[in-house]
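Colleague: Quick one: the structure is below, questions incoming.
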Ligand code: NAI
Ligand code: MG
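Take a look at the structure:
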């Protein structure tokens with residue numbers, strides 16, 4: 041299989057962890073006989089320094105010409121006092137818009153060998169394995185009108201929650217498609233006891249479910265979902281929800297298994313390539329020290345293999361290699377918990393590569 045991959049390392053540890061992810065993708069290409077072409081683009085603070093823009097036009101063109109995009113992270117104290125249009129995060133928001141990324145997938149998996157890192161008791165978090173699918177283009181964050189005004193002499197503020205039926209339908213279909221390949225359960229999270237938008241959300245979920253007879257649909261109110269994630273995370277397979285509920289629940293879910301350096305994400309496009317990135321930031325406190333955990337970036341690459349290229353076997357091989365390296369006791373500093381000897385970014389990448397190629 042031939043694929044063009046746009047690589048946007050970004051700032052700080054973004055460059056270090058994407059290097060690791062590219063290493064692993066190259067090893068996958070070698071082992072399975074694929075041809076991956078890597079083309080590099082600028083984004084974030086590094087792009088501002090070199091071109092004066094957080095997202096240069098060439099980067100947008102490069103991404104649109106590619107089969108998938110791998111992103112590191114953007115940001116850092118150096119650019120914190122820049123005006124809004126020259127902030128690194130602006131690059132991230134613009135690329136999401138340019139690529140029409142409408143859904144963010146955050147898989148949460150439990151690693152037995154890291155059970156001490158979770159804030160939950162082992163019996164509660166053990167074997168949890170679910171995906172949160174968050175809608176990204178609609179809802180309260182984009183609805184108009186939004187702003188302040190004076191009404192009858194009272195200072196008043198308004199935000200508006202808007203959804204179009206097609207936006208709800210496409211994200212719920214995505215959730216069902218995912219569930220079909222997983223354990224066959226969709227939990228649709230809403231606030232249908234109060235919000236009309238949630239009542240339409242529920243209606244659409246029921247309609248879509250008719251096309252997926254093998255998948256079970258359950259509705260859950262968002263306040264209950266926030267509690268259930270902590271009380272019994274094992275009950276979930278695919279959780280789908282609107283923008284703001286998803287923002288909150290995905291951050292809540294991301295701490296359940298323990299380490300920021302472990303968690304990948306995928307943003308799905310309605311028309312072009314998808315974008316894959318670790319959920320962590322540029323970690324200025326450890327940048328340039330070859331200390332960052334590359335696993336979140338490497339698992340994002342695995343997600344690319346699965347979701348953009350349909351290379352399920354290859355994706356599983358990468359995930360299995362990560363798991364076996366952790367089981368063997370290898371740790372980067374963030375996972376080492378005071379252990380004197382921990383692996384560098386490069387060493388961790390190398391161990392994962394060896395583990396993946398080992399059983400040839
Ligand atoms: P952060 O995720 O960069 O770091 C939080 C803490 O976790 C730090 O102590 C860091 O050393 C540690 N950490 C993060 N990833 C790690 C990894 N792979 N291995 C080991 N340790 C890791 O979040 P923070 O500090 O709030 O933000 C730093 C910068 O990153 C800011 O400029 C922020 O705007 C940006 N950021 C960018 C994101 C993106 O590009 N998607 C997401 C979040 C923050
Ligand atoms: Mg958030």
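Numbering (the numbering used here), first residue to last: 41 to 400. Beta carbons: idealized from backbone N, C-alpha and C, even for Gly.
Taking only the alpha-carbon atoms, compute the straight-line gap between residue 150 and residue 395 and give it to the nearest angstrom.
Modeller: One-based indexing of the chain shown puts residue 150 at position 110. One-based indexing of the chain shown puts residue 395 at position 355. Computed Cα separation, rounded: 20 Å.
Colleague: Considering just the uninterrupted stretch of the alpha helix (DSSP H) at residue 135, what are its terminal residues?
Modeller: Mapped onto the chain shown, residue 135 falls at position 95. That run of the alpha helix (DSSP H) goes 128-138.
Colleague: Return the first residue and the last residue of the beta strand (DSSP E) that residue 200 is part of.
Modeller: Taking the first residue of the chain shown as 1, we reach residue 200 at position 160. Element bounds for residue 200: 194-202.
Colleague: Using a Cβ-based criterion (distance less than 7 Å to any ligand heavy atom), does residue 165 qualify as near ligand 1?
Modeller: As a working note, residue 165 is residue 125 in the chain shown. Because no heavy atom of ligand 1 lies under 7 Å away, the Cβ of residue 165 does not count as near it: no.
Colleague: Tell whether a beta-carbon distance below 8 Å holds between residue 84 and residue 131.
Modeller: For this step, residue 84 is matched to residue 44 along the chain shown. For this step, residue 131 is matched to residue 91 along the chain shown. Yes, they are a contact pair.
Colleague: Taking 5 Å as the limit, tell me which residues put their C-beta closer than that to any heavy atom of ligand 1, in chain order.
Modeller: This selection yields 113, 114, 115, 300, 301, 320, 321, 322, 323, 325, 326, 332, 333 and 374.
Colleague: Cutting at 8 Å between CB atoms, please list the residues of its own chain near residue 313, excluding the five before and the five after it.
Modeller: The residue you call residue 313 lines up with position 273 of the chain shown. The residues are 46, 103, 104, 106, 107, 108, 109, 139 and 348.
Colleague: Which term fits residue 389, buried or exposed, when burial requires 16 or more other beta carbons within 10 angstroms of its beta carbon?
Modeller: In the chain shown, residue 389 corresponds to position 349, counting from 1. That one is buried.
Colleague: Residue 111 and residue 171: beta carbons closer than 8 Å?
Modeller: As a first step, residue 111 must be located in the chain shown, where it is residue number 71. As a first step, residue 171 must be located in the chain shown, where it is residue number 131. No, the pair does not count as a contact, with Cβ atoms beyond the cut-off.
Colleague: So is residue 60 buried or exposed if we call it buried at 16+ other beta carbons inside 10 Å?
Modeller: Taking the chain shown and counting its residues from 1, the one referred to as residue 60 is at position 20. Residue 60 is buried by the Cβ-count criterion.
Colleague: Compute the Euclidean distance between the alpha carbons of residue 257 and residue 209, then round it to the nearest angstrom.
Modeller: To locate residue 257, count along the chain shown from 1; it is residue 217. To locate residue 209, count along the chain shown from 1; it is residue 169. Rounded to the nearest angstrom, the two C-alpha atoms are 14 Å apart.
Colleague: Taking Cβ positions only, does residue 305 come closer than 8 Å to chain D?
Modeller: Protein chain content of the structure displayed is limited to a single chain, and chain D is not contained in it.
Colleague: If you follow the beta strand (DSSP E) that residue 48 is part of, which residue opens it and which one closes it?
Modeller: Walking along the chain shown from the start, residue 48 turns up at place 8. Start and end: 42-50.
Colleague: Between the beta-carbon of residue 225 and the beta-carbon of residue 278, is there less than 8 Å?
Modeller: Here the question's residue 225 lines up with position 185 in the chain shown. Here the question's residue 278 lines up with position 238 in the chain shown. In contact: residue 225 and residue 278 (Cβ atoms closer than 8 Å).
Colleague: How should residue 144 be labelled, buried or exposed, when 16 other C-beta atoms within 10 angstroms of its C-beta is the threshold for buried?
Modeller: Position 104 of the chain shown holds residue 144. So residue 144 counts as buried.
Colleague: Answer yes or no: do residue 305 and residue 141 have a C-beta to C-beta separation smaller than 8 Å?
Modeller: Within the chain shown, numbered from 1, the residue matching residue 305 stands at position 265. Within the chain shown, numbered from 1, the residue matching residue 141 stands at position 101. Result no, Cβ atoms of residue 305 and residue 141 do not sit closer than 8 Å.
Colleague: For residue 320, count the other beta carbons within 10 Å of its own beta carbon; 16 or more makes it buried, fewer makes it exposed. Which is it?
Modeller: Working through the chain shown from its first residue, we reach residue 320 at position 280. Buried, because 16 or more other Cβ atoms sit within 10 Å of the Cβ of residue 320.
Colleague: Spatial neighbours of residue 486 within its chain, please: C-beta separation below 8 Å, excluding the five flanking residues on both sides.
Modeller: For residue 486 there is no data in the structure shown, the boundaries of the chain being 41 and 400.
Colleague: Hey, residue 6 and residue 298: beta-carbon distance below 8 Å or not?
Modeller: A question about residue 6 goes unanswered here, because the residues of the chain that appear run from 41 up to 400.
Colleague: Taking residue 335 and residue 286 to be in contact with their CB atoms under 8 Å, please state how far apart those CB atoms are, rounded to whole angstroms.
Modeller: In the chain shown, the residue the question calls residue 335 occupies position 295. In the chain shown, the residue the question calls residue 286 occupies position 246. Rounded, the Cβ-Cβ distance is 23 Å, inconsistent with contact.
Colleague: Round the Cβ separation of residue 230 and residue 261 to the nearest angstrom and send it over; I've been treating them as touching at under 8 Å.
Modeller: Indexing the chain shown from 1 puts residue 230 at position 190. Indexing the chain shown from 1 puts residue 261 at position 221. Contact holds; Cβ gap of about 7 Å.
Colleague: So, at 8 Å on beta carbons, what are the nonlocal neighbours of residue 295 in its own chain, with the 5 sequence-adjacent residues on each side left out?
Modeller: Residue 295 sits at position 255 when you count from the first residue of the chain shown. Cβ within range, chain order: 159.
Colleague: Using DSSP's beta-bridge definition, name the partner residues of residue 147.
Modeller: Position 107 of the chain shown, counted from the first residue, corresponds to residue 147. According to DSSP, residue 147 bridges with 171.
Colleague: Can you tell which of 165, 91, 212 and 80 has its C-alpha closest to the C-alpha of residue 283?
Modeller: Numbered from its first residue, the chain shown carries residue 283 at position 243. That would be 212, whose Cα lies nearest to the Cα of residue 283.
Colleague: Ends of the beta strand (DSSP E) at residue 370?
Modeller: The residue given as residue 370 occupies position 330 in the chain shown. Note, residue 370: premise wrong, no beta strand (DSSP E); not H, not E.
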